[in-house]
Amino acid sequence: MGQAPVRAARQAAGRRRARLASAAKAAAVATGAVAATGAGMVAWGALVEARNFAVRTEQLRILPPGARPFRILHLSDIHLIPSQQDKLDWLSGLADLKPDLVVNTGDNIGAAASVAPLLRALDPLLDVPGVFVPGSNDYYAPKPANPLRYLAGPSRQDPNRTELPWEDLFDAFEARGWLNLSNQHVSRVLHRIRLDFAGTDDPHLGLDVWPGFPGAGAGPARSLRIGVTHAPYRRVLDAMTDGGADVILAGHTHGGQICVPGYGALVTNCDLPTWQASGLTEWSSGGRTVPLEVSAGIGTSPKAPVRFACRPEAVVLDVVSPA
Numbered sequence: 001m002g003q004a005p006v007r008a009a010r011q012a013a014g015r016r017r018a019r020l021a022s023a024a025k026a027a028a029v030a031t032g033a034v035a036a037t038g039a040g041m042v043a044w045g046a047l048v049e050a051r052n053f054a055v056r057t058e059q060l061r062i063l064p065p066g067a068r069p070f071r072i073l074h075l076s077d078i079h080l081i082p083s084q085q086d087k088l089d090w091l092s093g094l095a096d097l098k099p100d101l102v103v104n105t106g107d108n109i110g111a112a113a114s115v116a117p118l119l120r121a122l123d124p125l126l127d128v129p130g131v132f133v134p135g136s137n138d139y140y141a142p143k144p145a146n147p148l149r150y151l152a153g154p155s156r157q158d159p160n161r162t163e164l165p166w167e168d169l170f171d172a173f174e175a176r177g178w179l180n181l182s183n184q185h186v187s188r189v190l191h192r193i194r195l196d197f198a199g200t201d202d203p204h205l206g207l208d209v210w211p212g213f214p215g216a217g218a219g220p221a222r223s224l225r226i227g228v229t230h231a232p233y234r235r236v237l238d239a240m241t242d243g244g245a246d247v248i249l250a251g252h253t254h255g256g257q258i259c260v261p262g263y264g265a266l267v268t269n270c271d272l273p274t275w276q277a278s279g280l281t282e283w284s285s286g287g288r289t290v291p292l293e294v295s296a297g298i299g300t301s302p303k304a305p306v307r308f309a310c311r312p313e314a315v316v317l318d319v320v321s322p323a
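In UniProt numbering, the protein residues as written are 1 to 323.
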């Protein structure tokens, strides 16, 4: 082979090496950009959005004609850690919304030491008539885990769990007049409307037993039936709808917690469809369709303490007549 062909071959090899080096550099830059973007999203989700508390307001047109409107404040999934002073300050200001009724759908605490600061923050609201149901994280403390497991479907329950002082929390709620709806039904009168409540213990733990509504099938004309549960599993929503509920309130989903902008939730941590992970929608069963209000919650999963495209929220429901 002459010098010219040898020189050409060497030049071609050099160009190939240069292209490979350039491609490797581009791949490294892209990988670094993806990693930086991911780190930035996690930082935003943990340090900004998870603390960007909001109040969502909805209107429920379910009162009998001529009845006086009233306001429900729906609290869910606070998941309080005692060091979360910004959350405590925000909670303590919710009484300014002037609710007539508080509905708490569970998962209040994230540690044994959370009970006292939570009760202090909720103190003004504990003077308002209220009802509550438990969530799994009222009963048991969270354990560290891979945050990506949150996106893998309904979480599994570890048999080696640390029990939290849930009795202290619930006793304090009841001592201030809030009614425990754990597999129970109760009635109370508000603005001359009889409110029939029926609730369940946590369906995510399999503790739910549907109690039915009080006086089912024979209530006065001016009454409302309100179903309350922590985790909105289909079996519970069906039972409440079939049982005559006028509205159902639930939490647990965190609104998906990590959502895709323009698409929404990827998971609900139960068998609820993802498009119903938060907000006021409808549930149908047995030929009936009722409003379903699912709160995106105030805290985060302790296993994945970030939110993305899913702000933490309390929900105000203004209950009015259709006209």
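Beta carbons are placed, not taken as given, at the ideal position from N, Cα and C, and that holds for glycine.
Fair warning: this is a prediction, and the values are worked out from it, not measured in the lab.
Three-way DSSP call (helix, strand, coil) for residue i in this model
i, result
"G256", "helix"
"A112", "helix"
"L181", "coil"
"L317", "strand"
"W210", "coil"
"D196", "strand"
"A323", "coil"
"R161", "coil"
Residue i: first and last residue of the uninterrupted alpha helix (DSSP H) it sits in
i, result
"N137", "S136 to Y139"
"Q85", "Q85 to S92"
"T57", "No alpha helix (DSSP H) holds T57; the beta strand (DSSP E) holding it covers A54 to R61."
"A239", "R234 to D242"
From the options, residue whose alpha carbon lies closest to that of residue i
i, options, result
"V115", "G66, S83 and V103", "S83"
"V247", "L80, V103 and I78", "V103"
"G110", "G227, S301 and P99", "S301"
"G215", "C310, H204, G243 and L205", "G243"
"R311", "A245, A95 and I78", "I78"
"V320", "P69, G93 and M240", "P69"
"A309", "W283, L249, D271 and Q257", "Q257"
"L224", "E49, P64 and R51", "P64"
"N180", "T105, T162, A121 and T241", "T105"
"G206", "G135, L249 and C259", "G135"
"D318", "P165, K98 and L80", "K98"
Straight-line gap, residue i to residue j (C-alpha atoms, nearest Å)
i, j, result
"G199", "A141", "23 Å"
"L73", "P273", "24 Å"
"T289", "E174", "32 Å"
"V316", "R56", "6 Å"
"T268", "P232", "9 Å"
"P124", "G177", "13 Å"
"W44", "G299", "In this prediction, W44 scores a pLDDT of 45, lower than 50, which makes its location untrustworthy; the coordinate-derived value is nonetheless stated afterwards. So the two alpha carbons sit approximately 15 Å from each other."
"L60", "Y139", "32 Å"
"D127", "Q85", "22 Å"
"P322", "I62", "6 Å"
Within 8 Å, strictly: CB atoms of residue i and residue j
i, j, result
"S278", "A304", "no"
"V236", "D196", "no"
"T229", "V133", "yes"
"H185", "F213", "yes"
"G227", "V294", "no"
"D137", "D171", "With the sequence shown as reference, residue 137 is identified as Asn, and Asp is not the correct amino acid for it. No, the pair does not count as a contact, with Cβ atoms beyond the cut-off."
"C270", "T281", "no"
"R71", "D100", "yes"
N- and C-terminal bounds of the beta strand (DSSP E) containing residue i
i, result
"D171", "It is not in any beta strand (DSSP E) - D171 instead sits in the alpha helix (DSSP H) that spans W166 to A175."
"G225", "Note that residue 225 is Arg in the sequence shown, not Gly. First-last of the beta strand (DSSP E) with R225: S223 to V228."
"N104", "L101 to N104"
"W275", "From DSSP, W275 is part of no beta strand (DSSP E); its letter is neither H nor E."
CB contact below 8 Å: residue i versus chain B
i, result
"G244", "Annotation note: the requested chain B is absent from the structure, which comprises a single protein chain."
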